[in-house]
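Residue numbers (the working numbering): 17 to 259. Backbone N, C-alpha and C define an ideal beta-carbon position, used for all residues, glycine too. Below: the structure, in structure tokens.
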């Protein structure tokens, strides 16, 4: 009798796990041009606005949600600093050419890059005041989020990609960042094969013949926040070959 109940219980769990294996993981697309990812180069993104003689680079470091809050505050503070590049009136935030973020700093960097100054009104509600830890625990404790247990092509960070996209980025890709213009945004992660920095910049993705424009912003942010052991790595397909 006990074995029969255990058998039914096991069968029930298998049905639940099979039903929840529905998370769609986007596969990165190959480059369509032999000249590489030219649409998101620094010189093109910053073509309009900003000083031609001053290069302003801002790096937002990691440290969880506290680092995200600090970085968000830094960007807000830069909005209030008046500068005079080449004798004209401007604010420091408008002069930023490259905005780089890693881990917790990747959230405000990507959010500001996508929404501009509107980010100051929406980012706190969409991320800072959200209980992100509840989504993380839900990935492991709620059976309907267990795609990563039954699908070899799905990892725990693919679930978090879905969460970040629903909360903040709403399907936006790096093509949207390129269309918006300055500043250029680099969401930084680590290449675990070599232990080297891996930034979402044209020169990085040219090496693997990856179409950067097709990369979802949420996926880059999830990779940047992929704490080892807690999250699975985000995998990208390399298209580089003899041609």
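Looking at the DSSP output, residue 204 sits in a beta bridge with 118 and 215. Scanning the stretch 36-95 for uninterrupted beta strand (DSSP E) segments of 3 residues or longer gives 72-76, listed from N- to C-terminal end. Under a 10 Å Cβ-count criterion, residue 164 is classified as buried, with 16 or more other Cβ atoms of the shown protein chains found around its own Cβ. Straight across, the Cα-Cα distance linking residue 193 with residue 130 is about 6 Å. The C-beta of residue 209 has fewer than 16 other C-beta atoms within 10 Å across all chains shown, which makes the residue exposed. Restricting attention to 112, 105, 177 and 98, the CA atom closest to the CA of residue 63 is found in 112. One alpha carbon belongs to residue 52, the other to residue 225, and they sit about 7 Å apart. Residue 248 sits in coil when the DSSP states are folded into three classes, being neither helix nor strand. Residue 89 and residue 82 have their C-alpha atoms some 11 Å from each other. The residues 115, 125, 126, 129 and 193, in chain order, have a CB closer than 7 Å to that of residue 201 in the same chain once the five nearest residues on each side in sequence are set aside. Scanning 136, 60 and 237 for the CA closest to the CA of residue 179 turns up 237.
Nearest to residue 243 by alpha-carbon distance, out of 257, 173 and 223, is 173. If the five residues before and after residue 72 are omitted, its C-beta is found closer than 6 Å to the C-beta atoms of 111, 112 and 113, all from its own chain and listed in chain order. Residue 99 sits in a strand when the DSSP states are folded into three classes. Along the length of the stretch 144-208, whole beta strand (DSSP E) runs at least 3 residues long occupy 200-207, reported in chain order. For residue 233, the enclosing alpha helix (DSSP H) starts and ends at 233-240. For residue 136, the uninterrupted alpha helix (DSSP H) run begins and ends at 135-139, by DSSP.
Closest by C-alpha distance to residue 119, out of 199, 87, 191 and 158, is 87. Around the beta carbon of residue 107, fewer than 16 other beta carbons sit within 10 angstroms, so the residue counts as exposed.
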